[in-house]
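Engineer: One structure is given below, represented as structure tokens, and several questions about it will come after.
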């Protein structure tokens, strides 16, 4: 099976838990690692490792609400100069073997890390969310939740016959990704306390219902997603991001078998494009 065959088979699949193991990162030790790097200091450490200098600085105050999340990229398998965070490698020595168990295309460069979601500030509006977005239009993303207790991931399905790349290209008046997904006229939050999507999407989103620690796949063809703040500070979303052409990223037949079994095993948690309506 190639990418196009996989795409044609699963293009209407929006979300499904995946029957694959989560990263072997003990949650207590993971929090210890995160606490070593206040603010965006880990990001700056990895910039220095890759570029020999810090290209941009951010707030180092671990109390201030400097962003909706912090990102930790700890592995980049770039063939010429692979990069790894040595502290992470020492604390979590089983991760490389876990990565080898995934259906990545042989020799494919990838990035590995996670997003650590920040809790709402007591001084801020409680309606703290990400923007409505897709991680990468046209792709299928593999993710892993740890401490996902609130299930605050929502999907807006596209209207019939619209796919995500078409949305961005179809309206010459919308030059930004924000305008491509958000309702820029009715900007009040909806009944779920998340931003409203624009005319290209069904107005009613669907919220996931899955296990706190789980792998999942999200399709980024017929839905965009938005993330609402968790009620606690310990939610992490791990990401394995292959780099390069979509068609060369995964062992598509192997991934197809995992998806087939996962959809069969989790019918009540799986979300299809057909599930959306006004």
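Residue numbers (the working numbering): -18 to 259. We put the beta carbon where it would ideally sit given N, CA and C, even for glycine.
Tell me the rounded alpha-carbon separation between residue 147 and residue 68.
Structural biologist: So the alpha carbons of these two residues sit roughly 42 Å apart.
Engineer: Please return the same chain residues whose Cβ sits closer than 6 Å to the Cβ of residue 18, not counting the five positions on each side in sequence.
Structural biologist: Nothing meets the Cβ criterion.
Engineer: If you count every other CB in all the chains shown that lies within 10 Å of the CB of residue 130, and 16 or more means buried, which is it?
Structural biologist: That one is exposed.
Engineer: In chain order, what are the residue ranges of uninterrupted beta strand (DSSP E) at least 3 long that sit wholly in the region 114 to 146?
Structural biologist: As far as the region 114 to 146 is concerned, its whole beta strand (DSSP E) runs of at least 3 residues are 121 to 127 and 134 to 138.
Engineer: Is it true that the region 211 to 226 meets the region 22 to 39, where meeting means three or more beta-carbon pairs spaced less than 8 Å apart?
Structural biologist: Contact between the region 211 to 226 and the region 22 to 39 is absent, because fewer than three Cβ pairs lie under 8 Å.
Engineer: Please report the residue range of the beta strand (DSSP E) in which residue 161 lies.
Structural biologist: Here residue 161 belongs to no beta strand (DSSP E); instead the alpha helix (DSSP H) covers 158 to 162.
Engineer: Output yes or no for whether 8 Å exceeds the beta carbon distance between residue 144 and residue 210.
Structural biologist: No, they are not a contact pair.
Engineer: Answer with yes or no whether the minimum CB distance from residue 116 to chain D is below 8 Å.
Structural biologist: In the structure shown, chain D cannot be found, because there is only a single protein chain.
Engineer: Apart from the five residues on each side of it in sequence, which residues of its chain come closer than 6 Å, Cβ to Cβ, to residue 93?
Structural biologist: These residues qualify, in order along the chain: 56 and 221.
Engineer: Grouping DSSP H, G and I as helix and E and B as strand, with all else coil, what is residue 86?
Structural biologist: If DSSP states are grouped into helix, strand and coil, residue 86 belongs with coil.
Engineer: So is residue 87 buried or exposed if we call it buried at 16+ other beta carbons inside 10 Å?
Structural biologist: Exposed.
Engineer: DSSP puts residue 223 in a beta bridge; with which residues?
Structural biologist: Paired residues: 91.
Engineer: Do you know offhand how far residue 119's Cα is from residue 200's?
Structural biologist: Whole-angstrom Cα-Cα distance: 8 Å.
Engineer: What residues in its chain sit with their C-beta under 7 Å from that of residue 116, if we drop five residues either side in the sequence?
Structural biologist: Closer than 7 Å at Cβ, skipping near neighbours: 122 and 201.
Engineer: My output table needs one value for residue 49: the three-state DSSP class, helix, strand or coil.
Structural biologist: Coil, per DSSP.
Engineer: Rounded to whole angstroms, what's the CA-CA distance from residue 81 to residue 6? Just pull it up for me.
Structural biologist: One C-alpha to the other measures close to 15 Å.
Engineer: Can you check which of these residues, 34, 35 and 85, is closest to residue 58 by C-alpha distance?
Structural biologist: Among 34, 35 and 85, the Cα nearest to that of residue 58 belongs to 85.
Engineer: Report yes if the C-beta distance between residue 91 and residue -4 is below 8 Å; otherwise report no.
Structural biologist: Not a contact, by the Cβ cut-off of 8 Å.
Engineer: Any idea if residue 203 is buried or exposed, counting beta-carbon neighbours within 10 angstroms, 16 or more meaning buried?
Structural biologist: Its Cβ being crowded by 16 or more others within 10 Å, residue 203 is buried.
Engineer: Under DSSP, the beta strand (DSSP E) around residue -3 begins and ends at which residues?
Structural biologist: Looking at the DSSP string, the run of the beta strand (DSSP E) that includes residue -3 is -6 to -1.
Engineer: For the candidate residues 64, 83 and 99, whose alpha-carbon lies nearest to that of residue 212?
Structural biologist: Nearest C-alpha to residue 212: 99.
Engineer: Please tell me whether residue 246 and residue 190 are closer than 8 Å, where the distance is taken between their beta carbons.
Structural biologist: In this structure, residue 190 does not lie closer than 8 Å to residue 246 by Cβ.
Engineer: Return the residue from the list 3, 12, 97 and -2 that minimises the CA-CA distance to residue 49.
Structural biologist: Closest option to residue 49, Cα to Cα, is 97.
Engineer: Go ahead and pull the three-state DSSP assignment for residue 207.
Structural biologist: Looking at residue 207 - three-state DSSP - the assignment turns out to be strand.
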